[in-house]
Amino acid sequence: MKIALVSPYDWSVPGGVNSHCAHLRSQFIQRGHEVRIIAPSSKDVGDRGVTTIGTRPVTLPVAGSVARISLSLTLAGPVRKLLAGEHFDVVHVHEPFMPVLPIHFLRYSDAVNVGTFHASRSDDQFFYYSWSKRHLRRWIRRLDGKIAVSPAATRFVEKYFPGYYNIIPNGVNVARFANAKPLDGYDDGKLNILFVGRPEKRKGLDHLLQAFALVRKKRKDVRLIVVGGGKFDRYKRTARTLRLEDVDFVGYVSDEELPRYHQSADIFCAPNTGFESQGIVLLEAMAAGLPLVASNIEGFASVLTHGVHGLLVLPGDEHALAGSLLEMMDDKEGRRRMGDQGRAHAEDYSWDRVSQQVLSYYERLRYERSSANASAPERAV
35 MKIALVSPYD WSVPGGVNSH CAHLRSQFIQ RGHEVRIIAP SSKDVGDRGV
85 TTIGTRPVTL PVAGSVARIS LSLTLAGPVR KLLAGEHFDV VHVHEPFMPV
135 LPIHFLRYSD AVNVGTFHAS RSDDQFFYYS WSKRHLRRWI RRLDGKIAVS
185 PAATRFVEKY FPGYYNIIPN GVNVARFANA KPLDGYDDGK LNILFVGRPE
235 KRKGLDHLLQ AFALVRKKRK DVRLIVVGGG KFDRYKRTAR TLRLEDVDFV
285 GYVSDEELPR YHQSADIFCA PNTGFESQGI VLLEAMAAGL PLVASNIEGF
335 ASVLTHGVHG LLVLPGDEHA LAGSLLEMMD DKEGRRRMGD QGRAHAEDYS
385 WDRVSQQVLS YYERLRYERS SANASAPERA V
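Sequence positions in the sequence shown follow my numbering and run 35 to 415.
Here it is in structure tokens:
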């Protein structure tokens, strides 16, 4: 098959959707398919397999985070030219209604069109969908198939666009996280708690710092490692105000180096407060064999079973978070058991399995399209 994977997000900026597309491409190519990624980019990506359409992405707030997308009014021409020249069998748009690149592909593509919906929100209204759903309904009819990455993502999108959504989750590179070597310097006898995330309010780091202060009153043999791209100045000030020791703000690390932090940790903590469609950070920690302490939000509870892979606590409850961290710290055998069960669970989300689910969906949609065309009555001349 000849496949186009379309992302609305700046390809030069790391992110979940772009990573998802990159992993699908790699898996599809290994299976002998021809794949091209199309996305806007603010920089030259230096990848012949990526076609850039839209070179000046802008930053917009979206679902408690920020997104870099192209709002250029000149994207239609390059999209039409690309489609006319490439003759894709499948055009797979990610976040199909995110302005404006995916919408142009839905408008002009005659291939089998597939859309994956990644986002989730826990509030009742999403202004963009509420305001534009009448206009967007015309484009959802251009989708031959719809994918959501989790039940949470399904429930969110079907409030605005009812219909059938095939749930195919995000994947995880199990081997990369399971086989990494620990870093030097963290093997000093202290128990290491790892947080991975951007400095956004919904990631819950402020609650974790408060909880860590409570943990430190009970035990001193503990360290908090904070990994993620962005400016953590506000959280550093909080740590200083709380007079916290042994908080290591690492900052951004590469994808290649990240698993080494997992292998250097004893517990993974995800205190997020919402807007998580699927717990990909939890799956990465599971793949590394780490027990988890995480917020009991829908996107996390769909992959983590309380008492099996880790412990779930109510979001924003700093005392409960501290109590669960202390419980985990005091139970070495429990940490080992949960870590082993989490690693086995992560295998169900390996990119090898996830990508095959996507390919099987493509094949089914292509068959349905060809069957419908074959059974359509011929028009009289």
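Just so it is clear, CB atoms sit at the ideal spot from N, CA and C, and this is done for glycine as well.
Predicted model only: the values in this text are computed from it and were never measured.
Boundaries (first-last residue) of the alpha helix (DSSP H) holding I137: 135-142
Residue closest to G66, alpha-carbon to alpha-carbon, out of K36, K251, G368: K36
Backbone secondary structure at D81 - three-state DSSP: coil
DSSP state of I331 mapped onto helix, strand, coil: Looking at I331 - three-state DSSP - the assignment turns out to be coil, as it is neither helix nor strand.
Beta-bridge partners of N147, as assigned by DSSP: V125
G179 versus E129: straight-line alpha-carbon distance, rounded: 13 Å
A406 in three-state terms, based on DSSP: helix
Alpha-carbon spacing of V113 relative to D386, whole angstroms: About 30 Å.
8 Å Cβ cutoff met for L326 and G357: no
Local conformation of R185 per DSSP, three classes: The sequence given here places Pro at residue 185; Arg does not occur at that position. Residue state, collapsed to three classes: helix.
Contacts around S106, its chain only, beta-carbon distance under 6 Å, and the 5 residues preceding and following it disregarded: G88
Any 3 or more C-beta pairs closer than 8 Å across the segment 273-285 and the segment 242-255: yes
For L317 and A335, believed in contact at Cβ under 8 Å, the rounded distance: Not a contact, Cβ separation roughly 13 Å.
Host alpha helix (DSSP H) of N226 (start-end): Element bounds for N226: not the alpha helix (DSSP H) but the beta strand (DSSP E), 225-230.
Uninterrupted beta strand (DSSP E) stretches inside the segment 279-327 (no shorter than 3 residues): The segment 279-327 contains these whole beta strand (DSSP E) runs: 281-285, 301-304.
Proximity below 8 Å, CB of L359 to CB of I301: yes
A110, enclosing alpha helix (DSSP H) - first and last residue: That run of the alpha helix (DSSP H) goes 110-120.
Cβ distance (whole Å) where F139 is taken to contact V127 below 8 Å: 5 Å
Length of the line joining the Cα atoms of V40 and Y220: Going from the Cα of V40 to the Cα of Y220 covers about 40 Å.
Range covered by the beta strand (DSSP E) that runs through A38: 36-40
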